[in-house]
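In our numbering, the protein residues as written are 708 to 1011.
Rendered as structure tokens:
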């Protein structure tokens, strides 16, 4: 077994004078769910296509499951699964027939019954594709990607267009792949999705990786903590040095601080000294979405 499912060093891809990927280094551990995030045009699609063997790189080294994907080896193709945003399936086949059709492309496909159980399609096995809901059809896309029993599964925007209930259901299915020992390489625009599913994430902007780590590690790199609370009385006025750090929305007051323990102590001491009762006080670190937006904004406005 290779040490890393994906190992990239100084990867570059240019189209004429345009640098789509600008010397990135990236490693994905075996058995983890890894999310690559970034705005449109960041270079994510180009990077993933290189990893899948669908696009040639300009410079750098790439190893996927120990293979150079640019060699287009049959054994490499047998070891990966790809779930695109849209998978071309025959609408008049039923679910089981569709999975069997794709199973025929592999030497050692996963048992159909097992695929149906993993993807939650067992009760829908006889339903024609054209009758499936959007969420059910996406499950079928994943089933098609899993039928070859891949070690590494590429998932491109797996829940685009889903309602909240269908999205949560899909997340549970993807999480279960980790327990089967699969490595999942995920691209998504939903920060909540990445935060829920990914062991580690990388944020890509303008062809470069600008941050990488677990969602918690990225949050810890952001020093600001937000303290939110409400006051029982509108007569209370915070000390001036706290007012300068605060914002208000309706009855709620938010204070951003690099020293949450000291600031919280000041707020509670002021509350006791003045008799202003605090309500619904919370202390929170920035979400992955807040960190993402800050990094993207900073990187896109930075001049090379």
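Just so you know, even glycine gets a beta-carbon here, dropped at the ideal spot from N, CA and C.
Assigned secondary structure, residue 937 (DSSP; H/G/I helix, E/B strand, else coil)
Three-state DSSP puts residue 937 in a strand.
To the nearest angstrom, how far is it from the Cα of residue 976 to the Cα of residue 945?
Roughly 11 Å separates the two Cα atoms.
Note down the Cα distance separating residue 938 from residue 987, rounded to an integer number of angstroms.
In this structure, the alpha-carbon of residue 938 lies about 9 Å from that of residue 987.
If we count the other Cβ atoms within 10 Å of its Cβ and call it buried at 16 or more, is residue 816 buried or exposed?
Classification of residue 816: buried, given that the 10 Å Cβ count is 16 or more.
Span of the alpha helix (DSSP H) holding residue 886?
Run containing residue 886: 871-886, per the alpha helix (DSSP H) assignment.
CB-CB under 8 Å to residue 836, same chain, minus the five flanking residues each way: which ones, in chain order?
Excluding residues within five positions, the ones whose Cβ falls inside 8 Å are 796, 797, 798, 799, 800, 801, 802, 805, 844 and 847.
In chain order, what are the residue ranges of uninterrupted alpha helix (DSSP H) at least 4 long that sit wholly in the stretch 816-876?
As summarised for the stretch 816-876, the continuous alpha helix (DSSP H) elements at least 4 residues long and confined to that stretch are 819-825 and 841-853, given in chain order.
I need the straight-line Cα distance from residue 996 to residue 899, nearest angstrom please.
Between residue 996 and residue 899, the alpha-carbon positions lie close to 7 Å from each other.
Rounded to whole angstroms, what is the Cα-Cα separation between residue 1010 and residue 1003?
Here residue 1010 scores only 43 on pLDDT, less than 50, and its place in the model should not be relied on; the value that follows carries that caveat. Going by the C-alpha atoms only, they are around 13 Å apart.
Look at the Cβ atom of residue 651, then the Cβ atom of residue 894, and state whether they are nearer than 9 Å.
With the chain represented from 708 up to 1011, any question about residue 651 goes unanswered, as that position is not in the structure.
For the pair the stretch 719-732 and the stretch 866-878, tell me if three or more CB-CB distances fall below 8 Å.
Contact check between the stretch 719-732 and the stretch 866-878: fewer than three CB pairs, one atom from each, fall below 8 Å, which does not count as touching.
Cβ distance (whole Å) where residue 849 is taken to contact residue 790 below 8 Å:
Contact flag correct, Cβ pair sits at about 6 Å.
What alpha helix (DSSP H) runs, 4 residues minimum, are completely inside the stretch 725-809?
You should have 751-759 and 781-786.
Of the residues 739, 754 and 735, the one placed nearest residue 773, counting alpha carbons only:
Here the closest residue by C-alpha is 735.
Which residues mark the beginning and the end of the alpha helix (DSSP H) in which residue 978 is found?
Element bounds for residue 978: 967-981.
At a cut of 8 Å, does the stretch 756-772 reach the stretch 712-730 through at least three beta carbon pairs?
Yes, they touch.
Would you mind stating whether residue 826 and residue 859 have Cβ atoms separated by less than 9 Å?
Not closer than 9 Å, so no.
Buried or exposed, going by whether 16 or more other CB atoms sit within 10 Å of the CB of residue 964?
The residue is buried, with at least 16 neighbouring Cβ atoms inside 10 Å.
Identify, in the order they occur along the chain, each residue of the same chain with its Cβ nearer than 7 Å to the Cβ of residue 884, setting aside the five sequence neighbours on each side.
Correct list, in chain order: 860 and 891.
Euclidean distance between Cα positions of residue 882 and residue 947
Straight-line Cα distance between these residues: approximately 48 Å.
C-alpha distance - residue 833 paired with residue 840, whole-angstrom precision
Their backbone Cα atoms lie some 14 Å apart in a straight line.
Report the rounded CA-to-CA distance for residue 915 versus residue 952, giving the unit in angstroms.
Counting only the Cα atoms, residue 952 lies some 33 Å from residue 915.
Going by alpha carbons, who is nearest to residue 970 out of 955, 949 and 957?
949 is the residue among 955, 949 and 957 whose C-alpha sits nearest the C-alpha of residue 970.
Are the CB atoms of residue 1005 and residue 908 nearer to each other than 9 Å?
Residue 908 sits away from residue 1005, with the two beta carbons spaced by 9 Å or more.
Between residue 866 and chain B, is any beta-carbon pair separated by less than 9 Å?
Included in the structure is just one protein chain, with no chain B present.
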